[in-house]
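Residue numbers (the numbering used here), protein chains in the order written: chain A, 2 to 317; chain B, 2 to 254. Note that CB positions come from ideal geometry on N, CA and C, so glycine has one too. This structure is a prediction, so every number in the text was calculated from the model and none was measured. Each remark here refers to the structure printed beneath this line.
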């Protein structure tokens, strides 16, 4: 592993973690308009930077468990980064730390070079499910962040309409959340997050609970919204194919404690599809590395008989 | 339709039995009045405005007392739910205090506030505060954490977070507690009013006893039950229905 560190590309100059960057995709992939254009500009300050992040907590039995171990990661403006890892590796927790909803034990989260001290509307987290407010109608949900910001009513209404159109839900402005399908709910969640105009979208397995057809559609929509709005997206998933289909870069975390195991730049042309042979081939490479981690996760589970009681926040 | 028939049968039988017992004159009429006697007392009471005044005074008191209970109970419940120290210490105290009938506060209230309306309010508040507090505490705990996180994430802090997120999010879990609090407040009020001449429904009830007018006593009892039932049916049932429609819950939360 350490030998690989010398092969680090110049783009990751201050990454002390042993990484194994593997370029995915073919040469023609590099002319992808969105990713190539954005990558050419390398800003001095990363949009989001995780520096030596460690997180440990006490389990119910009293022992200290290290959930995240010296995570270092830089995400540039406009980048679409996917984080994959076996469940329990702390990838969801990582998003909560970036969102400022939890506090790391040591290390620092920097956004635009400034240390994160709490939640902020420049970073909006989209939860796997149940993140929407059931007591508000769809339109009011989307409006919520703007209302908290103190935008006036006319402006809020105009933006709400815009974002409803963006996710193709204009007809459902007055519906309540329980009246929508799972896929529609996640589109509302995306619209609500975008409506606060965050620089960074944090997505915590947002499509994991959806059926395959809906997920495919939402992948297309998310890719379109990303290229239309130019937001920075950090996307957590356990689905490698999904990660490769969506991301410019895939980060693989190890099983407990979570460390950055390897990084895979994905240079495939967009729009991509889940069934593209290129996507499948690239996913294969990530999966090969992930398999070791899944195996060690299973080993822990089987040896312990039951899953160790884990703080739900650390559960990915 | 079937339900209406059931109602008709049940209340018809009840009414018939009452009339029969009254007409048999087993007990003297001033101890066991006829339904017509009670109806007459009701009509007379409304006609000379006694009941209207009593209802207004009692409603005013219960609204003030219950309102204070809800406000205070929400703050207290939220505090207990979000602070481990308070939860460990005050949580147990609150539960044990609930076994104390609210009228036990009456002697204390008399000495603290004197023989006036404030003493009555105090008893009403002590009667309903605990159930509202416990309901709020429970609701805050049952409420999925994700709502609070999403709210903070979207820029809600402090009072805004409480008012726009935590309160509406916990409403389905506290509505039954609010209802219980209302019932306790209403009961405490009538009890306290019976102990002190004070214009309310409780006093009108005692007046019936003093005048040996059993028809009036039963008429006021019917009024007390009816008001409790109407508030429950209109305010709380309406609230539950609205919540069910919004949240998509099937049963009353």
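Excluding sequence positions up to five before and after residue 39/B, its CB lies within less than 8 Å of the CB of 216, 219, 220, 223, all in the same chain and listed in chain order. Within the region 49 to 73 of chain B, contact with chain A at the beta-carbon level (separation under 9 Å) is assigned to no residue. With the criterion set as a beta carbon lying under 7 Å from some beta carbon of chain A, the members of the region 116 to 149 of chain B are 145, 147, 148, in sequence order. For the region 96 to 112 of chain A, residues whose beta-carbon sits nearer than 7 Å to a beta-carbon of chain B comprise 100, 102. With 16 or more other Cβ atoms inside 10 Å of its own Cβ, residue 79/A counts as buried. A Cβ-Cβ distance of about 5 Å is found for the pair residue 103/B and residue 127/B, placing them in contact under the 8 Å criterion. Taking all protein chains shown into account, residue 110/A has 16 or more neighbouring C-beta atoms within 10 Å of its C-beta and is therefore buried.
Your pair residue 68/A and residue 259/A checks out as a contact, with CB atoms roughly 6 Å apart and the cut at 8 Å.
Residue burial is scored here from C-beta neighbours: residue 90/A has at least 16 other C-beta atoms within 10 angstroms and is therefore classed as buried. Within the region 121 to 138 of chain A, the residues whose Cβ lies closer than 7 Å to some Cβ of chain B are 122, 125, 126, 128, 131, 132, 134, 135, 136, listed in chain order.
In the displayed model, residue 67/B falls within a helix according to three-state DSSP. Contact between residue 230/A and residue 195/A holds: their C-beta atoms lie close to 7 Å from each other, under 8 Å. Cβ-Cβ distances below 6 Å link residue 107/B to 124 in the same chain, with the five nearest sequence neighbours on each side left out; the list follows chain order.
Residue 19/B and residue 29/B have their alpha carbons spaced roughly 14 Å apart. By the 16-neighbour rule on beta-carbons within 10 angstroms, residue 261/A is buried.
Boundaries of the beta strand (DSSP E) around residue 205/A: 201 to 205.
Here residue 54/A is bridged, per DSSP, to 72/A. Per DSSP, the unbroken alpha helix (DSSP H) holding residue 89/B starts and ends at 85 to 98.
By the Cβ criterion, the region 162 to 181 of chain B is in contact with the region 132 to 151 of chain B, since at least three pairs of Cβ atoms, one from each stretch, lie closer than 8 Å. Residue burial is scored here from C-beta neighbours: residue 134/A has at least 16 other C-beta atoms within 10 angstroms and is therefore classed as buried.
Bridge partners of residue 116/A according to DSSP: 111/A.
Residue 122/A is not a Cβ neighbour of residue 143/A, given a cutoff of 7 Å.
Membership of residue 263/A in the beta strand (DSSP E) is indicated by the continuous run 261 to 266. Residue 121/B and residue 160/B have their C-alpha atoms some 32 Å from each other. Per DSSP, the continuous alpha helix (DSSP H) segment holding residue 143/A begins and ends at 139 to 150.
The alpha-carbon separation between residue 202/B and residue 70/B amounts to approximately 21 Å. Taking all protein chains shown into account, residue 32/B has fewer than 16 neighbouring C-beta atoms within 10 Å of its C-beta and is therefore exposed. Residue 177/A is bridged by DSSP to 138/A. Under DSSP, residue 208/A takes part in no beta bridge, so it has no partner.
The bridge partners DSSP lists for residue 59/A are 65/A. With 16 or more other CB atoms across the displayed protein chains lying within 10 angstroms of its CB, residue 227/A is buried.
When only Cα atoms are considered, residue 242/A and residue 212/A end up about 15 Å apart. Chain-ordered, the chain A residues with CB closer than 7 Å to the CB of residue 161/B read 149. A Cβ-Cβ distance of about 21 Å is found for the pair residue 223/A and residue 254/A, leaving them out of contact under the 8 Å criterion. Inter-segment contact for the region 91 to 100 of chain B and the region 152 to 167 of chain B is absent: fewer than three beta-carbon pairs are separated by less than 8 Å. Proximity of residue 145/A to chain B, defined by a Cβ-Cβ separation below 7 Å, is satisfied.
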